[in-house]
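**Student:** Here it is, the structure, as structure tokens.
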Amino acid sequence: MYLPICLLLTFGSCTESSEQAIPDPVQTSDTITYTNPVFEPVLADPTVVKVGSEFYAYGTEDNWGEEGGYHLVPVIKSKDLVNWELVGNSMNKKPDWKERGGIWAPDVTQVGDQFYMYYSFSTWGDPNPGVGLAIADQPEGPFVDQGKVFDSKEIGVANSIDPFYIEENGKKYLMWGSFHGLFLTELTADGKKPQGQKIQVAGNHLEAAYVFEKDGYYYLFGSAGTCCEGANSTYRVLVGRSENLAGPYLDQNGKNLLDENSGSLVVGANASNNGYAGPGHNAEIITDKEGQDWLLYHGMAKQKPKLNNGTNRRVLLLDKITWANGWPSVAGREPSTNTQESPVF
Numbered sequence: 001m002y003l004p005i006c007l008l009l010t011f012g013s014c015t016e017s018s019e020q021a022i023p024d025p026v027q028t029s030d031t032i033t034y035t036n037p038v039f040e041p042v043l044a045d046p047t048v049v050k051v052g053s054e055f056y057a058y059g060t061e062d063n064w065g066e067e068g069g070y071h072l073v074p075v076i077k078s079k080d081l082v083n084w085e086l087v088g089n090s091m092n093k094k095p096d097w098k099e100r101g102g103i104w105a106p107d108v109t110q111v112g113d114q115f116y117m118y119y120s121f122s123t124w125g126d127p128n129p130g131v132g133l134a135i136a137d138q139p140e141g142p143f144v145d146q147g148k149v150f151d152s153k154e155i156g157v158a159n160s161i162d163p164f165y166i167e168e169n170g171k172k173y174l175m176w177g178s179f180h181g182l183f184l185t186e187l188t189a190d191g192k193k194p195q196g197q198k199i200q201v202a203g204n205h206l207e208a209a210y211v212f213e214k215d216g217y218y219y220l221f222g223s224a225g226t227c228c229e230g231a232n233s234t235y236r237v238l239v240g241r242s243e244n245l246a247g248p249y250l251d252q253n254g255k256n257l258l259d260e261n262s263g264s265l266v267v268g269a270n271a272s273n274n275g276y277a278g279p280g281h282n283a284e285i286i287t288d289k290e291g292q293d294w295l296l297y298h299g300m301a302k303q304k305p306k307l308n309n310g311t312n313r314r315v316l317l318l319d320k321i322t323w324a325n326g327w328p329s330v331a332g333r334e335p336s337t338n339t340q341e342s343p344v345f
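If you count by UniProt numbering, then the sequence shown holds residues 1 to 345, one letter each, in order.
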């Protein structure tokens, strides 16, 4: 169902920081507006899937402290990408194929009548993190663990986290990696194990791979820089494109993403001290009813980058993607901080 724009709706308020109140989304006769963030206090490393008329977004396991407590892969839902409500935890139980670690950077996709969640299982500085798979019959979960897909030592890639699932020509593929190269491999028919060779598609400066197909190109989005240093974070989203899923991916200047210092900027930190630091790890691109593409990603308000418990307060941001000469970016290549027109569904 498309979101009606002729009715008066009531929206919840959200704040960018303790010093600057962000107004509620405002409806006029012909549009709905919003101001970032669209969800807080935390939805780090987001992934999103649309089911019917609703969107479900998931994030990294986190403790929200006094602003919500512990969440094991939180799931939120929305009809318009702007107004989100917390559903709860998408897992009832943490996977046990690894002795310790957090469930990070989930990637959720509808596969047939089920929902596949590829997830990272890791600690900071982990010598052997890995990727697992959990499956649910409903988008809100519960996702039931299917076990390890691979770990870093088995696959031969250090820091094997940040999975992204994609299908092409009836085959299942997984792209993954974090600052030790981004790689692509085919999966078995059930999606539970890798098969065949692994192909490196990007260099050591990127993590959080995501591929979007448009106009005959595969656009590889990745995040570079430091993700988790509060207001000092240098995280940002870069992109390259290829005519083939396996690459080569080139940036706007023709530089291969295998090379360091490659990638065209999609969105980086705000220049203003009232903006956001560390914008990155984008979710899947959503196209609205009018054909406009939208990007969900996390960032930290420079004036309130941490929770009371010291956790990075990575809020959920939403911005329109502009395509110019075949290349995507957010307006100004930084998160919006003023009122924006909402997506149309």
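Cβ coordinates follow ideal geometry from the N, Cα and C atoms, glycine included. It should be emphasised that the depicted structure is a prediction, and the values quoted were computed from it without experimental measurement.
#1: What are the boundary residues of the beta strand (DSSP E) that includes Ser152?
#2: When you compare the CB positions of Val267 and Asp319, do they come within less than 9 Å of one another, or not?
#3: Whole angstroms is fine: what's the gap from Asp293's alpha carbon to Val344's?
#4: Cα separation between Trp327 and Tyr219?
#5: Looking only at its chain, what residues have a beta carbon closer than 7 Å to the beta carbon of Ala158, apart from the 5 residues adjacent to it on each side?
#6: In this structure, what does DSSP give as the bridge partners for Tyr276?
#7: Applying the criterion that 16 or more other CB atoms from any shown protein chain within 10 Å of the CB defines a buried residue, is Ala105 buried or exposed?
#8: Check whether the Cβ atoms of Val237 and Asn282 sit closer than 9 Å, and answer yes or no.
#9: Alpha carbon to alpha carbon, what distance is there between His298 and Pro279?
#10: Have a look at Ile286 and Phe55 and give me their C-alpha separation to the nearest angstrom.
#11: DSSP on Ala331, reduced to helix/strand/coil?
#12: Please list, in chain order, all residues of the same chain as Tyr210 whose beta carbon is under 7 Å from its beta carbon, the five residues on each side excluded.
#13: Give the DSSP bridge partners of Lys171, in chain order.
#14: Name, in chain order, the residues that DSSP records as bridge partners for Val51.
#15: Taking the alpha carbon of Lys289 as the point to measure from, which residue in Phe39, Pro37, Ser53 and Thr35 has its own alpha carbon closest?
#16: Helix, strand or coil for Ala231? Go by DSSP, reduced to three states.
#17: In the DSSP output, what is Arg100 paired with across the bridge?
#18: Taking Lys306 as the reference, give the member of Trp64, Val38, Ile32 and Val51 with the closest Cα.
#19: Does the region 248-261 touch the region 183-202, meaning 3 or more C-beta pairs lie closer than 8 Å?
#20: Ordered along the chain, which non-local residues of its own chain (more than five positions away) have a Cβ less than 7 Å from that of Ser336?
#21: How would you label Pro139, buried or exposed, when you count the other beta carbons within 10 angstroms and need 16 or more for buried?
#22: With a cut-off of 8 Å on the beta carbons, I'd call Phe143 and Ala134 a contact; round off their distance for me.
#23: I'd like the list of long-range same chain contacts for Tyr119, defined as Cβ closer than 6 Å, with 5 residues on each side in sequence excluded.
#24: Would you kindly work out how many angstroms separate the C-alpha atoms of Asp259 and Ser160, rounded to a whole number?
#25: What is the residue span of the beta strand (DSSP E) that Ser78 lies within?
#26: Would DSSP call Glu243 helix, strand or coil?
#27: For the candidate residues Gly130, Val108 and Trp84, whose alpha-carbon lies nearest to that of Pro95?
#28: Beta strand (DSSP E) containing Thr322: first to last residue?
#29: Using a Cβ-Cβ cutoff of less than 8 Å, which residues in the same chain neighbour Lys192 once the five nearest sequence positions on both sides are dropped?
#30: In angstroms with no decimal places, state the Cα-to-Cα distance between Met175 and Glu341.
#31: Measure the alpha-carbon distance for Pro41 versus Val49 and round it to whole angstroms.
#32: Can you tell me whether DSSP reads Gly310 as helix, strand or coil?
#33: Does DSSP put Glu260 in a helix, in a strand, or in coil?
#34: Assign Lys93 to buried or exposed, taking buried as 16 or more other Cβ atoms, counted over all protein chains shown, within 10 Å of its Cβ.
**Tutor:** The short version:
#1: For Ser152, no beta strand (DSSP E) encloses it; the enclosing alpha helix (DSSP H) starts and ends at Ser152 to Ile155.
#2: For Val267 and Asp319, yes; Cβs fall inside 9 Å.
#3: Rounded to the nearest angstrom, the two C-alpha atoms are 11 Å apart.
#4: Spanning the two alpha carbons is a distance of roughly 9 Å.
#5: Closer than 7 Å at the Cβ level, and outside the excluded window around Ala158, lie Ser152 and His180.
#6: Bridge partners of Tyr276: Ala301.
#7: So Ala105 counts as buried.
#8: Taking 9 Å as the Cβ cut-off, Val237 and Asn282 qualify as a contacting pair.
#9: Straight-line Cα distance between these residues: approximately 6 Å.
#10: Approximately 10 Å, taken between the alpha carbons.
#11: For Ala331, the three-state secondary structure derived from DSSP is helix.
#12: Excluding residues within five positions, the ones whose Cβ falls inside 7 Å are Phe164, Phe221, Asn282 and Glu284.
#13: Looking at the DSSP assignment, Lys171 forms a beta bridge with Glu168.
#14: According to DSSP, Val51 shares a beta bridge with Glu54.
#15: Here the closest residue by C-alpha is Ser53.
#16: Three-state result, Ala231: helix.
#17: According to DSSP, Arg100 bridges with nothing at all.
#18: Taking only the C-alpha atoms, the option nearest Lys306 is Trp64.
#19: In short, these stretches touch, since the Cβ pair count reaches three.
#20: Spatial neighbours of Ser336 in its own chain (CB-CB distance under 7 Å, excluding positions within 5 residues in sequence) are listed in chain order as Asn36 and Asp319.
#21: So Pro139 counts as buried.
#22: The C-beta separation of Phe143 from Ala134 comes to about 4 Å, placing the pair in contact by the 8 Å criterion.
#23: Around Tyr119: Ile103, Pro106 and Gly132.
#24: Taking the straight line joining both Cα atoms gives about 19 Å.
#25: In the DSSP annotation of this structure, the continuous segment of the beta strand (DSSP E) that includes Ser78 starts and ends at Pro74 to Ser78.
#26: Glu243 sits in coil when the DSSP states are folded into three classes, being neither helix nor strand.
#27: Closest option to Pro95, Cα to Cα, is Gly130.
#28: Under the DSSP assignment, Thr322 falls in the beta strand (DSSP E) whose first and last residues are Val315 to Ala324.
#29: Around Lys192: Leu133, Gln146, Gly147 and Val149.
#30: Each residue's Cα considered, the two are about 33 Å apart.
#31: Spanning the two alpha carbons is a distance of roughly 21 Å.
#32: Correct three-state label for Gly310: coil.
#33: DSSP, reduced to helix, strand and coil, places Glu260 outside both helices and strands of the structure shown, so it counts as coil.
#34: By the neighbour-count rule (16 or more Cβ atoms within 10 Å), Lys93 is not buried but exposed.
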